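Structure, as structure tokens:
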Amino acid sequence: MDENMVEMQKISKAFPGVLALDQVDFSCLPGEVHAVVGENGAGKSTLMKILAGVYRPDEGKILLRGKETSFSSPKEAQSHGISIIYQEVNLIPELTVAENIFLGREPQKKLSFIDSPVLYQRSKELLGDLGVDIDLQARVADLGVAQQQMIEIAKALSLSADIIMMDEPSAVVSGKELESLFRIIRSLKENGKAIIYISHRIDEIFQIADRATVLKDGKRVGTVTTQDVEKPTIVRMMVGRSLSETFPARERGERKEILTLDDVCRDNVLKKVSFKVYSGEILGVAGLVGAGRTELARAIFGADPIDRGTILLNEKKIRKATPKTSISNGVGFVTENRAKDGLVHCLSVRKNLTLTILDRVKSWFFVREGKEKDYSKNCVKEFGIVAPSIEQEVQYLSGGNQQKMILAKWISIKPALLIMDEPTRGIDVGAKAEIYNLMRLLTKQGTAIIMISSELPEIIGMSDRILVMHDGRVMGELSPSEATEERILMIATGQKTGEHETKGQAFAS
Ligand SMILES: Nc1ncnc2c1ncn2[C@@H]1O[C@H](COP(=O)(O)OP(=O)(O)OP(=O)(O)O)[C@@H](O)[C@H]1O
Ligand SMILES: [Mg+2]
């Protein structure tokens, strides 16, 4: 008798130019959390999409409860009790939260009218279980990515499937949401569900997973029981070498005032925000989902207007900034939502990389293809972007490689101020280290970086100063030496005001 809930045998899948999966075996037991880990482009999402009926394998078998099965569509996989939370958020922006959760499966009244009260009631229960507070009537377009991710999770749970795949569900959530997610996973486990969990945060794997399968370049390196191994072992299996976990040493360039915010307010999301940013420093911005961090970034970049207050860039007052004027003033913005505003998906790697530096690859009015090619080949090498060629459309790159593209695009214009919203989200451990080095290189050359991040080790390890936001306000400023995860969380949850407890001193150190 086969006790596996699902078993995948010798699965292979090729895409033009890449063998994404090469004879991969994978299985998951009922009541087990099985993690899939590996570098960007290792084949994790492809393996999941095969099980979800998105792709058909070129070779190999899928067995559900011991019985060979194949699916020709995601719907068919769903009908076999398989549900997936995709890495890229897949919601319809124009619909409400509740409508998205039950899209295509709306509870119906007679004559097939949608039973709205039931729809809203069931959505409310689901989100309640997840412990998230989101307005069910809100349009998804108006929500941040973390909230969108929680809706994706609610949607997958509403299917009451037996096999639940989560492709980096935690990439954008932190704190309370992450705890709720883990609580839910544990209860699914108790109910005998099979859970497949992809994450780049190795600590998480040890917290939640029973086993982990490591993929590298489309091949299965091995499967380990998390209780029996240590973190460095998994990292070595993933990247093929040992990695030190330290952050690159701080090195500051020349320090002059780049940006000043004075009593900046916007609607209910930014409340009297004031601070300064200096050249050559990394200002970390910590806070929970909904604290106003992304709103702050958008206001500085001119993506949203401000109601009150002033913003000075290079000591000049900015009036009615737009993203366009910001870019020409030397401000870059790596957004948290790579699927939406980071890249032009139907264009090639080469075209995307050169979009922000067109003047450098143009002579007169013509884009010089040769220059474009040299430039993008260099970028691909420097940032370790995995793509079969620079002519590949970016929509076919793995999630992490798309993120690297966005970083490469902005870092290469050497902005005076670079705002990075969750810069290493979805990035594998090896590439993270490279990105940290690049950030240090930039600050050494004088760039000021505002880094918004939910990963507290990264905030503490990389920032020269740390601002903690709560409910639209800056609640405190810490220097990295006095910051601990607990202290940041206390301030971020509003339990301790820490009202500018060290403001002004942070620089003295
Ligand atoms: N639809 C597609 N067309 C062409 N190539 C693809 C397609 N989907 C994936 N690939 C390629 O297959 C390989 C594996 O990609 P996959 O998305 O499975 O990686 P991943 O392990 O999920 O990475 P990440 O951590 O970055 O999400 C990559 O080289 C990717 O570029
Ligand atoms: Mg992926």
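Numbered according to our numbering, the sequence shown terminates at residue 1530, and the numbering increases by one at each position without gaps. Ideal Cβ placement from N, Cα and C applies to all residues, glycine included. It should be emphasised that the depicted structure is a prediction, and the values quoted were computed from it without experimental measurement.
*Along the chain, where does the alpha helix (DSSP H) that runs through Gly1020 open and close?*
Summary: the structure shown does not reach residue 1020, with the chain confined to residues 1022 through 1530, and so no result is reported for it.
*ligand 2: which residues have Cβ under 7 Å from any of its heavy atoms, chain order?*
Lys1065, Ser1066, Gln1108, Asp1188, Glu1189, Ile1219, Ser1419, Gly1420 and Gly1421
*Have a look at the DSSP bridge pairing and note the partners of Phe1616.*
Residue 1616 lies beyond the range of the chain shown here (1022 to 1530); nothing can be said about it.
*Quick one: any contact between the region 1057-1075 and the region 1416-1434, if contact means 3 or more CB pairs under 8 Å?*
yes
*How about Asp1449: is its Cβ closer than 7 Å to a heavy atom in ligand 1?*
Position 428 of the sequence shown, counting from 1, holds the residue named residue 1449. Because some heavy atom of ligand 1 lies under 7 Å away, the Cβ of Asp1449 counts as near it: yes.
*Return the residue from the list Thr1246, Ile1113, Glu1357 and Glu1120 that minimises the CA-CA distance to Gln979.*
Residue 979 is absent from the structure shown; the chain starts at 1022 and stops at 1530.
_Cβ-based neighbour list, Ala1192, same chain, cut-off 6 Å, excluding 5 preceding and 5 following_ = Taking the first residue of the sequence shown as 1, we reach residue 1192 at position 171. Answer for Ala1192: Arg1446 and Gly1447, listed in chain order.
*Examine the Cβ distances between the region 1165-1178 and the region 1138-1157 and report whether three or more of them are shorter than 8 Å.*
yes
*Expressed to the nearest angstrom, what Euclidean distance is found between the alpha-carbon atoms of Val1250 and Val1054?*
Residue 1250 sits at position 229 when you count from the first residue of the sequence shown. Residue 1054 sits at position 33 when you count from the first residue of the sequence shown. Rounded to whole angstroms, Val1250 to Val1054 spans 16 Å at the Cα level.
*Take Lys1435 as the anchor and find which of Glu1120, Ser1349 and Lys1237 has the nearest alpha-carbon.*
Within the sequence shown, numbered from 1, the residue matching residue 1435 stands at position 414. Comparing Cα-Cα distances from Lys1435 to each of Glu1120, Ser1349 and Lys1237, the minimum goes to Ser1349.
_My output table needs one value for Lys981: the three-state DSSP class, helix, strand or coil._
Outside the shown range of the chain, which is 1022 to 1530, sits residue 981, and nothing can be said about it.
*Provide the residue span of the alpha helix (DSSP H) that contains Val1139, from first to last.*
Locating residue 1139 in the sequence shown gives position 118, counting from the first residue. Ser1137 to Leu1151 is the span of the alpha helix (DSSP H), which, as asked, contains Val1139.
*Name the one or two DSSP bridge partners that Thr1234 has.*
Counted from its first residue, the sequence shown places residue 1234 at position 213. Beta-bridge partners of Thr1234 (DSSP): Val1057 and Thr1244.
*Given Ile1071, which residues of its chain have a CB within under 7 Å of its CB, disregarding the five upstream and five downstream residues?*
Here the question's residue 1071 lines up with position 50 in the sequence shown. The residues are Ile1032, Lys1034 and Pro1078.
*Which residue from Asp1188, Arg1319, Lys1145 and Leu1477 puts its Cα closest to that of Phe1120?*
Here the question's residue 1120 lines up with position 99 in the sequence shown. Per the sequence shown, residue 1120 should be read as Glu rather than Phe. Of Asp1188, Arg1319, Lys1145 and Leu1477, the residue nearest in Cα terms is Lys1145.
*Locate the beta strand (DSSP E) running through Ser1295, then write down its first and last residues.*
Residue mapping note: residue 1295 aligns to position 274 of the sequence shown, counting from 1. Here the beta strand (DSSP E) through Ser1295 covers Leu1291 to Tyr1299.
*Looking at Phe1203 and ligand 1, is the gap between the Cβ and the nearest heavy atom below 7 Å?*
The residue you call residue 1203 lines up with position 182 of the sequence shown. Answer for Phe1203: no, Cβ out of range of ligand 1.
*Is it right to say Gln1413 is buried, meaning 16 or more other beta carbons lie within 10 angstroms of its own, or is it exposed?*
By one-based count along the sequence shown, residue 1413 stands at place 392. Counting Cβ neighbours within 10 Å, Gln1413 comes out buried, since at least 16 surround it.
*By DSSP, does Arg1486 sit in helix, in strand, or in coil?*
Your numbering for residue 1486 matches position 465 in the sequence shown. Note: Arg1486 maps to strand in three-state DSSP.
_Best match in Asp1046, Met1441, Gly1497 and Ala1233 for proximity to Thr1246 [C-alpha to C-alpha]_ = Within the sequence shown, numbered from 1, the residue matching residue 1246 stands at position 225. With distances taken between Cα atoms, Thr1246 lies closest to Ala1233.
*asked:* As a quick exercise: from Ile1219, Gln1099 and Ile1509, pick the residue whose alpha carbon is nearest that of Pro1190.
replied: Residue mapping note: residue 1190 aligns to position 169 of the sequence shown, counting from 1. It is Ile1219 whose Cα lies nearest to the Cα of Pro1190.
*If you draw a straight line from the alpha carbon of Trp1431 to that of Leu1364, how long is it in whole angstroms?*
Looking up residue 1431 in the sequence shown gives position 410. Looking up residue 1364 in the sequence shown gives position 343. Each residue's Cα considered, the two are about 11 Å apart.
_Burial state of Gly1391 (16 or more Cβ within 10 Å)_ = The count along the sequence shown starts at 1 and reaches residue 1391 at position 370. It counts as exposed.
*Since Asp1284 is in the beta strand (DSSP E), which residue starts that stretch and which ends it?*
For the purposes of this step, residue 1284 is taken as residue 263 along the sequence shown, with counting starting at 1. Segment Glu1278 to Arg1287, the beta strand (DSSP E) holding Asp1284.
*Compute the minimum distance between the beta carbon of Phe1036 and the heavy atoms of ligand 1, and state whether it is under 7 Å.*
The residue labelled residue 1036 in the question sits at position 15 within the sequence shown. Checking the Cβ of Phe1036 against ligand 1 gives yes.
*Count the other C-beta atoms from every protein chain shown that fall within 10 angstroms of the C-beta of Gly1525, then say buried if there are 16 or more, exposed otherwise.*
Within the sequence shown, the letter at position 504 stands for residue 1525. For Gly1525, the predicted model reports a pLDDT of 39, less than 50, meaning its position is unreliable; a value from the coordinates is still stated below. Exposed, since its Cβ has fewer than 16 Cβ neighbours within 10 Å.
*Compute every distance between the C-beta of Asn1061 and the non-hydrogen atoms of ligand 1, then say whether any falls below 7 Å.*
As a position in the sequence shown, residue 1061 is number 40, starting the count at 1. Flag set: Cβ of Asn1061 near ligand 1.
*Could you say which of Pro1037, Leu1084, Asp1136 and Gly1052 lies nearest to Asp1046 if we only look at CA atoms?*
The residue you call residue 1046 lines up with position 25 of the sequence shown. Of the listed residues, the one whose Cα sits closest to Asp1046 is Leu1084.
*asked:* For the structure I just gave you, are there three or more beta carbon pairs, one from the region 1457-1467 and one from the region 1252-1264, closer than 8 Å?
replied: no
*Alpha carbon to alpha carbon, how far is Leu1477 from Ala1041?*
If you number the sequence shown from 1, residue 1477 lands on position 456. If you number the sequence shown from 1, residue 1041 lands on position 20. Going by the C-alpha atoms only, they are around 33 Å apart.
*Answer yes if the region 1283-1292 comes into contact with the region 1475-1494, meaning at least three C-beta pairs across the two stretches below 8 Å, and no otherwise.*
yes
_Could you check whether the region 1473-1490 touches the region 1502-1515, counting it as contact only if at least three pairs of C-beta atoms, one from each stretch, sit closer than 8 Å?_
yes
_Could you check whether the Cβ of Val1415 sits closer than 7 Å to any heavy atom belonging to ligand 1?_
Counting from 1 along the sequence shown, the entry for residue 1415 is found at position 394. Val1415: no, Cβ never under 7 Å from ligand 1.
*Looking at Gly1370 and ligand 1, is the gap between the Cβ and the nearest heavy atom below 7 Å?*
Here residue 1370 refers to the residue found at position 349 when the sequence shown is read from its first residue. Just to set this straight, residue 1370 is Val in the shown sequence, not Gly. Flag unset: Cβ of Val1370 not near ligand 1.
*Segment contact flag, the region 1313-1322 with the region 1509-1518, C-beta cutoff 8 Å, min 3 pairs*: no
*asked:* Cutting at 7 Å between CB atoms, please list the residues of its own chain near Arg1043, excluding the five before and the five after it.
replied: Here the question's residue 1043 lines up with position 22 in the sequence shown. The question names Arg, but residue 1043 in the sequence shown is Asp. Ser1033, Gly1239 and Lys1240.
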